[in-house]
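According to this note's numbering, the stretch in the sequence shown is residues 273 to 499, in order.
Beta carbons are placed, not taken as given, at the ideal position from N, Cα and C, and that holds for glycine.
Each remark here refers to the structure printed beneath this line.
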Amino acid sequence: MKKNRLLYYFLILGMVLGTFSLQSCLDDDKTDYSTNYPNALVTIKTNNTTGQVYFQLDDETTILPTNKNISTYGKKELRALTNIKVQDGKTEGYSKSAHVNWVDTILTKQMAPTLGVKNEAVYGKDPVEIVKDWTTIVEDGYLTLRFRTYFGNGKKHVMNLVKGDKPYEVVLHHNASGDTKGLIRDGLVAFRLSDLPDTQGKTVDLTLKWQSFSGVKTVTFKYKSRK
Numbered sequence: 273m274k275k276n277r278l279l280y281y282f283l284i285l286g287m288v289l290g291t292f293s294l295q296s297c298l299d300d301d302k303t304d305y306s307t308n309y310p311n312a313l314v315t316i317k318t319n320n321t322t323g324q325v326y327f328q329l330d331d332e333t334t335i336l337p338t339n340k341n342i343s344t345y346g347k348k349e350l351r352a353l354t355n356i357k358v359q360d361g362k363t364e365g366y367s368k369s370a371h372v373n374w375v376d377t378i379l380t381k382q383m384a385p386t387l388g389v390k391n392e393a394v395y396g397k398d399p400v401e402i403v404k405d406w407t408t409i410v411e412d413g414y415l416t417l418r419f420r421t422y423f424g425n426g427k428k429h430v431m432n433l434v435k436g437d438k439p440y441e442v443v444l445h446h447n448a449s450g451d452t453k454g455l456i457r458d459g460l461v462a463f464r465l466s467d468l469p470d471t472q473g474k475t476v477d478l479t480l481k482w483q484s485f486s487g488v489k490t491v492t493f494k495y496k497s498r499k
């Protein structure tokens, strides 16, 4: 991640909105504070034919950035938060075009191989909460999660996703590396779901399981394999 927006975004957002409320009383202040926080969650992709780097907004919508060079991300797919302003008119080859104010990539991973009864020992079983939020979503072949846990001593937290017992069941593992006290903060992680069976164009129920602070929890998403 190239900026500090990610871990502190939800704390900063309250400060930004408070500032906006105060400053809006000043007639001569034309600052657009809405650009300080994300309004889209995208996949950064590269057109294999033209080499053009673009955004995939959801399963169907593609966006061509018109003002910002995002080719520095190369051909590696990454999920990212961004603030964009969609422009009028059609863009050949893409659903829409947009002015990009900023891009902040998030941790994007493949699923880890399941090790059966060794999963918890290898991948961890430290508790974590999954936050119901617009950034917790299944789209474009990815499961993106906003999670919440303790961060205190600066050690690296490791998140892994493995297959569950059923074809469309996945299990999230969290290894806090002993960092289990301190402040409660949020983070984002995205997992590519290409290891799951092809849904053959159908939409199925995808179940996520994880160890929370109050025991094992599950949540169900609608999932369709990427075309």
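Start-to-end residues for the beta strand (DSSP E) that takes in residue i
i: Y395; result: Run containing Y395: none in the beta strand (DSSP E); it sits in the alpha helix (DSSP H), 391 to 395.
i: T421; result: 414 to 423
i: W374; result: 368 to 377
i: H445; result: 441 to 447
i: I356; result: 350 to 358
i: V461; result: 455 to 464
i: Y326; result: 325 to 328
i: E411; result: 409 to 411
i: P337; result: 334 to 337
i: Q483; result: 476 to 484
i: I316; result: 312 to 318
i: L387; result: It is not in any beta strand (DSSP E) - L387 carries neither H nor E in the DSSP assignment.
i: V434; result: 430 to 435
i: Y495; result: 487 to 495
Pick from the options that is closest to residue i, judged by C-alpha positions
i: Y425; options: T416, N308, L455; result: It should be noted that the sequence gives Asn, not Tyr, for residue 425. When each option's Cα is compared against that of N425, the closest is L455.
i: T386; options: K435, S484, G459, R464; result: K435
i: L313; options: D412, S484, S306, V491; result: D412
i: G459; options: V476, K404, H371; result: K404
i: S466; options: E349, Y414, Y309, G323; result: Y414
i: L444; options: Q324, G450, G473, V461; result: V461
i: A448; options: R464, L433, T421, P469; result: T421
i: P337; options: L379, K368, Q382, T321; result: K368
i: L350; options: Q382, D331, Y309, K474; result: Q382
i: T344; options: A384, D331, T377; result: T377
i: K474; options: V389, G388, K499; result: K499
i: V476; options: V410, G388, I342, T452; result: V410
Residues of its chain near residue i, where Cβ-Cβ distance is below 6 Å and the 5 sequence neighbours each way are ignored
i: N311; result: N355
i: S306; result: none
i: V430; result: N447
i: T380; result: L350, R351, A462
Contact set for residue i: own chain, Cβ-Cβ below 7 Å, skip 5 residues either direction
i: L294; result: Legend: pLDDT at L294 = 38, less than 50; position of this residue unreliable, no value from coordinates given.
i: N319; result: Y326
i: W374; result: T354, N355
Cut-off 8 Å between Cβ atoms - residues of its own chain near residue i, not counting five sequence neighbours on either side
i: S484; result: P399, V400, E401, I402
i: K481; result: G436, E441, V442, V443, L444, V488, K489, T490
i: A370; result: F327, I335, L336, P337, T338, I356, K357, V358, Q359
Near the ligand GDP: residue i beta-carbon under 7 Å from a heavy atom
i: V430; result: With respect to the ligand GDP, the structure offers nothing, as it holds no ligand at all.
Would you say the stretch 435 to 446 touches the stretch 481 to 496, given that touching needs at least three Cβ pairs under 8 Å?
yes
The stretch 389 to 402 in contact with the stretch 357 to 367 per 3-pair CB rule at 8 Å
no
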